[in-house]
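To keep things clear, I will list the structure first and then write my remarks on it.
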Amino acid sequence: MAMSFPTPRRLGYRLNLVGMISAAVALTWAVIAVIAPWLTPYGPGEVVDFDYFGPISEQFWLGSDYLGRDMLSRILVGTRYTVGISLAAVLIACFTGVVLGMTAAVIGGWYDTILSRFLDALTSIPSKLFGLVVVAGIGSSIPVLIGVLAVIYTPGAYRFARALSVNINTMEYVTAARARGERTLYLIRHEILPNITGPVLADMGLRFVFIVLLLSGLSFLGLGVQPPNSDWGSLVRENIGALSFGAPAVIMPSIAIATLTISVNLLIDNLPVKIRDRSE
Amino acid sequence: MPNLVEIRDLKIGARTDSGREVQIIKGVSIDVAAGEIVALIGESGSGKTTIALSLMGHVRPGCYFQGGSVTVAGRDMAALRESERAKLRGTDVAYVPQSAAAAFNPAIKLIDQVVEVAKIHNLMPMAEARAKAVELFRALALPDPDTIGERYPHQVSGGQLQRLAAAMALIGGPKLVIFDEPTTALDVTTQIEVLRAFKSVMKAGGMGGVYVSHDLAVVAQIADRIVVLRGGEVQEEGTTAAILDNAQHPYTRDLLAAFHPVTHAAVALPESATPRPPALEVRGIFAGYGPLTAEGLPAKQVLKDVSCKLEKGRNLGVIGESGCGKSTLARVIAGLVAPAKGQILLDGKEMAGDLKKRSKEELRRLQIVFQLADTALNPSTPIGDILGRPLTFYHGMKGAARDARVAELLDMVHLPKNMRHRLPSELSGGQKQRINLARGLAANPEVILCDEITSALDTVVAAAVIELLKELQRELQLSYVFISHDLATVQAICDDVIVMNGGVNVETLPAAQIMESAQHPYTRLLLASVPKLDPGWLDSLADDPAFERAGRSSLLSQV
C-alpha cells in the first residue's frame, strides 16, 4: 500500500431528501424563535381585529384569536417559549443524564447501583402527573418549567448513556487508560464520550420532541406558560372555543406543534448512518 | 469425469463505504476432485473465505460476482437464483463455521439444531434424522453420543461444539463440505481431537472438502492439495507434500519460514557480587472473581499460588490454554484485578495490589499491551493523541516537545511520522499493534506485559512484531512478560517459560530447551499437541486416542 497523505477525508455526511426537508423545517422554527420580534406584523398582545376567531384574510394571514389578536404574530412569538424552554430543558436533562450515566458506567459498584435505583424510582412516576403536581405546588414560571421538564427527562438520558458507556467501558482502550492510572474525569471525557456522541445526539433529538409535547400538554392544561405570554400549547387552550367555529385560531398552533415534532423526529430517523451509529 | 468443484476465472468485487470499487478476487481458478480435500491458505484479506463462501453461491453484503463461474456438482452457483442456491445448501454444499459457539442458538437443544437441515429440506423422517445424527456424533468421537444431543450449547466444550457443527453440516449428506478455519479458535490439545474427527469422517464419507485456514501445519494434516492465496490471486498450487517440501513461490517460502522462527538465545545472567533484584517478581498470588469466601479467597479462583520471576533484561514467557489464568496473571500484575493474597515486587519493592493505590511512578515503570489492537486503540482519537497522552500524563510533556517525542516513538516502531494524524481505523492490524506497543513505550517503562499481542496477527506480520520487540529490547533495556498460547512465538523471544494450567504454574523451564527438559505431564501433552509441518504428524500420534483423552481429562480433573 502506498503512503497516503492526510487529505481532507471524504465525509459521508449526506442527508437524504426526507432528512433535508425535515432539517429545513426544524431549522426554520429555530430561526423564527430567534428573530420572531422582527417578523411579527402586529404586537402579539395588541387587539387588532374587530371580529374574534377571524378567518384567514389578507390582513391576518392566520386569522385572529378569541380577543381579536393576530394569530400569526402570537404563534411567531410563541415559538420562543416552546422552542426555548424545550431546548433549555433538553440540554440540562441530557447533560446531567449523560455525565451521570458515563460516571456510573466507569465507576460501577455501589455508586452505579444507588444512582440507577434512584433514577429508576424517578422514572416510575408518571411524567404528566409529576409535572402537574410540582407546577401546581410551587407555581409556574419559566425557570420552574425548565427545571421540571429537565428532571423528568434526566433518567431516560441517564439510562441511555449508561447502556452505551457500559459497552465502551469494557473495551481494552479504556482498560489501557485505567492501567495508565487515569482518573474518572479523563476516562469519561476522552475515552467514553467521543464514542457515544452520535447515538447520544440522536437520543437528544427524540427527547426534545418528548419535551415539546409535554410542555405543550402542561400549557394546554393551564400550568405551562402563563398569560399574557403564551407558547403553542397555551395558544391551543386559549382558542379551544374556536373548534366549534372551525376557525384557524386553534388549528394553526396545533399545526405548529405537529410540524416541529414530526420534522425533528424524521430528521433523526434520516440522520447519516455515520452520525447515528458512531458507536460501532 | 468432471471435477466436483470447478472454479473458473472467478472475480468478486466489492464497494467500500466511501463508494470505491475494489476487486477482492482477481480471476481465481481452482478444482476439487470428488473425495479430495483442498486447503485454501493465506493471510487475512487474501480472499480465502470469500472464495469458500462463493462455493455456496454466497457473497458477503456489499460484494458481488463480477465474472467467472463456480461450478459445484455440475451447477454454476454464481448464476443460480437465490431460491435454487438455498435448495443446494445443506444437501450439496455444507459449511462448518469458524466459531461454532456463534453458530448455535443457545436456547435450542443441540440435536434439534443438528437435524434442522434434514427438516428444512425434508430429506428424511425426523426419527431417522435423529438416528443419523447420533451416528455422526459417534463417528466424530463425541462423548456420550446417544445423549449429548439433549444438551444445550453452553453445556458442551468448545471442541465438542465444533464437532457438533460438523455433524450439522454432514447430516444432509453433502458432496462438498467447506471448513472455514474450524480449529483456529480452539486450544492445541482440543484441536487435535477435532482434526482427527474431521479427518476420519471425511475419509469415511468420501466427500470433497475445502479447508480454509491460515495455519500451514493444520492444513498439512488434513488436505490433499494446498492452494496458497494472496491478495485475491492464487500464488501457488500443489499437493501438500510438494508445497511443504518444494515450495516454488517466494511467498509460500515466507509462510514456511515463519514456521521455523529462530529460537531466542537466552541472555546470560550477569555475574555480579551483589545480587540484583529481579525486574518483576510475583510471589504466591491468589486471585479470582466474585465475592470473597470465609478464607479470604474469591469464590471463583483463577490463580492459585502463582509465583514467577523476571530478571532484568530477560523475557519471561507464560503459556497455557484458554482459561488457564494467563491473562488474569497479566491483569493482576498490572493492578487491574487486585489479588486476594500474594505480593508483586517491581525491582525488589512491593507494589500495592490495587491500581489506585500505586504511585504514578510505579504505574509508569510497568506497562501492559493488549491482544486486540482493534479494541485497544480508541477509534475516535488520532494516533498522535493516543501516543501523546502517556507523555503528558507521566512526563508532563506539551506542545512541540510532545510532538517531537511522538514522532520519535513512531520512528521506533518503524511507522512514518505523518501517521499521527490518522485514526486507528485507517491502519492495518500490524500497524495498530505497533501503535499499541508505542503507547506502552511512551511511558519509558522497565517492564512491558505483552498479552497475546501477536495472536490476532498473520504469521508474517507477527514475526515482524517479534523482531521489533527484540530490537526495542536491545535499545531500551526492557524486560518483557510475554503471554501467549503459541509455543513457537514464546520460544522466539523468551528466555524462560512458565507453563500454566488451571490457574497453577505447573512448571518453569528455560525456553531454549523446553522440549528436552519438560517434566510435568501437562507440559508434555501441550508440547506434543503443537501441530508440526509434517503431513504424517497427526496420524503418528499415539494411535489410541482414548489414551490421550484419558490423559487430558485426568490432568484437568487434578486441578
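Chains as they are written, first to last, in our numbering: chain A, 1 to 280; chain B, 281 to 839. For glycine and all other residues, C-beta sits at the position ideal for the given N, C-alpha and C. Predicted, not measured: the structure shown is a model, and the values here were computed from it.
1. The beta strand (DSSP E) with K560 (chain B) in it runs from where to where?
2. Looking at the structure shown, is P405 (chain B) part of a helix, part of a strand, or coil, going by DSSP?
3. If you follow the alpha helix (DSSP H) that I663 (chain B) is in, where does it begin and where does it stop?
4. Give me, in chain order, the residues of the same chain whose beta-carbon lies closer than 7 Å to that of G570 (chain B); leave out the 5 immediate sequence neighbours on both sides.
5. Assign S324 (chain B) to one of three DSSP states: helix, strand, or coil.
6. Leaving out five residues on either side along the sequence, give the residues of the same chain with a beta carbon under 6 Å from the beta carbon of G633 (chain B).
7. Taking Cβ-Cβ distances shorter than 8 Å, what residues in chain A pair up with T655 (chain B)?
8. Looking at the unbroken alpha helix (DSSP H) that takes in Y153 (chain A), where does it start and where does it end?
9. DSSP three-state label for E575 (chain B), please.
10. According to DSSP, which residues form a beta bridge with L589 (chain B)?
11. So is R159 (chain A) in contact with chain B if we call contact Cβ pairs under 8 Å?
12. Which full runs of the alpha helix (DSSP H) of 4+ residues lie inside the segment 677-748 of chain B, going along the chain?
13. Please tell me whether F762 (chain B) has its Cβ less than 8 Å away from any Cβ of chain A.
14. By the 7 Å beta-carbon criterion, what residues does the segment 241-258 of chain A contribute toward chain B?
15. Tell me whether A380 (chain B) is buried or exposed, calling it buried when 16 or more other Cβ atoms sit within 10 Å of its Cβ.
16. Taking the C-alpha atoms as reference points, what is the distance between S254 (chain A) and G241 (chain A)?
17. Closer than 8 Å, CB to CB, is P423 (chain B) near chain A or not?
18. Measuring only between beta-carbons, confirm whether N195 (chain A) sits less than 8 Å from chain B.
19. Can you tell me whether P199 (chain A) is buried or exposed? The criterion is at least 16 other CB atoms within 10 Å of its CB, across all chains shown.
20. Given that a residue counts as buried once 16 or more other Cβ atoms are within 10 Å of its Cβ, and exposed if not, what is E751 (chain B)?
21. Output the boundary residues of the beta strand (DSSP E) element that contains N595 (chain B).
22. Is T661 (chain B) close to chain A, meaning its C-beta is less than 8 Å from at least one C-beta of that chain?
23. Using the rule of at least 16 other Cβ atoms within 10 Å of the residue's Cβ for burial, across every protein chain shown, is I391 (chain B) buried or exposed?
24. For N195 (chain A), which three-state DSSP category applies?
25. Is there at least one Cβ from chain B nearer than 8 Å to G181 (chain A)'s Cβ?
26. I'd like to know if the segment 453-460 of chain B and the segment 418-434 of chain B are in contact, where contact means that at least 3 CB-CB pairs between them fall below 8 Å.
27. Would you call the segment 101-113 of chain A and the segment 153-160 of chain A in contact, with 3 or more CB pairs under 8 Å?
28. Using Cβ-Cβ distances below 9 Å, what residues of the segment 596-623 of chain B are close to chain C?
29. If you measure beta-carbon to beta-carbon, which residues of the segment 69-91 of chain A are closer than 9 Å to chain B?
30. Is it buried or exposed, W38 (chain A), if we count other Cβ atoms within 10 angstroms and call 16 or more buried?
31. CA-CA distance, V166 (chain A) and V339 (chain B)?
32. How would you write the range of the alpha helix (DSSP H) that A93 (chain A) sits in, first residue to last?
33. Compute the Euclidean distance between the alpha carbons of V686 (chain B) and H694 (chain B), then round it to the nearest angstrom.
34. So with CB distances below 8 Å, who are the chain A contacts of K640 (chain B)?
35. Tell me whether Q651 (chain B) sits in a helix, a strand or coil according to DSSP, three-state version.
36. Suppose only complete runs of 3+ residues qualify. What are the beta strand (DSSP E) ranges in the segment 763-832 of chain B, listed by chain order?
This is what the structure gives:
1. Contrary to the premise, residue 560 (chain B) reads as Leu rather than Lys in this sequence. Taken as a continuous stretch (DSSP letters only), the beta strand (DSSP E) holding L560 (chain B) covers 560-572.
2. Under the three-state reduction of DSSP output, P405 (chain B) falls in the coil class, being neither helix nor strand.
3. It spans 663-675 - the alpha helix (DSSP H) in which I663 (chain B) sits, taken as one unbroken run.
4. Exclusion of the five residues before and after G570 (chain B) leaves P578, A579, K580 as the residues of its chain whose Cβ lies within less than 7 Å of its Cβ.
5. Coil, per DSSP.
6. Closer than 6 Å at the Cβ level, and outside the excluded window around G633 (chain B), lie A618, P619.
7. Identification of chain A residues near T655 (chain B) by a Cβ-Cβ cut-off of 8 Å yields M171, E172, Y173, ordered along the chain.
8. Counting along the chain, the unbroken alpha helix (DSSP H) around Y153 (chain A) starts and ends at 142-169.
9. Coil.
10. The sequence given here has Lys at residue 589 (chain B), not Leu. For K589 (chain B), which the question treats as bridged, DSSP gives the partners B:E561.
11. For R159 (chain A), not one C-beta of chain B is nearer than 8 Å to its own C-beta.
12. Runs found: 679-692, 709-721.
13. It does not: the Cβ of F762 (chain B) has no partner Cβ on chain A nearer than 8 Å.
14. Sequence-ordered contacts of the segment 241-258 of chain A with chain B are nonexistent [C-beta pairs closer than 7 Å].
15. Buried: at least 16 other Cβ atoms inside 10 Å.
16. Near 14 Å, if we compare the C-alpha coordinates of G241 (chain A) and S254 (chain A).
17. Output row for P423 (chain B): interface = no.
18. Contact of N195 (chain A) with chain B is assigned, a C-beta pair being separated by under 8 Å.
19. Buried, because 16 or more other Cβ atoms sit within 10 Å of the Cβ of P199 (chain A).
20. With fewer than 16 other Cβ atoms within 10 Å, it is exposed.
21. It spans 595-599 - the beta strand (DSSP E) in which N595 (chain B) sits, taken as one unbroken run.
22. Closer than 8 Å to some Cβ of chain A, the Cβ of T661 (chain B) qualifies, so yes.
23. Around the beta carbon of I391 (chain B), 16 or more other beta carbons lie within 10 angstroms, which makes this residue buried.
24. Of the three classes helix, strand and coil, the one that applies to N195 (chain A) here is helix, per DSSP.
25. At a cut-off of 8 Å between C-beta atoms, G181 (chain A) counts as an interface residue with respect to chain B.
26. For the pair of segments examined, the segment 453-460 of chain B was found not to touch the segment 418-434 of chain B: the number of CB pairs separated by less than 8 Å stays below three.
27. The segment 101-113 of chain A, when compared against the segment 153-160 of chain A, does touch it at the 8 Å Cβ threshold.
28. No chain C appears in this structure, whose protein chains are A and B.
29. Those would be none; no residue qualifies.
30. Per the 10 Å Cβ criterion, exposed.
31. When only Cα atoms are considered, V166 (chain A) and V339 (chain B) end up about 34 Å apart.
32. First-last of the alpha helix (DSSP H) with A93 (chain A): 71-107.
33. In a straight line, the C-alpha of V686 (chain B) is about 12 Å away from that of H694 (chain B).
34. Chain A residues near K640 (chain B): G181.
35. Three-state DSSP puts Q651 (chain B) in coil, outside helix and strand.
36. Taking 3 residues as the minimum length, the beta strand (DSSP E) runs contained wholly in the segment 763-832 of chain B are 776-781, 784-790, in order along the chain.
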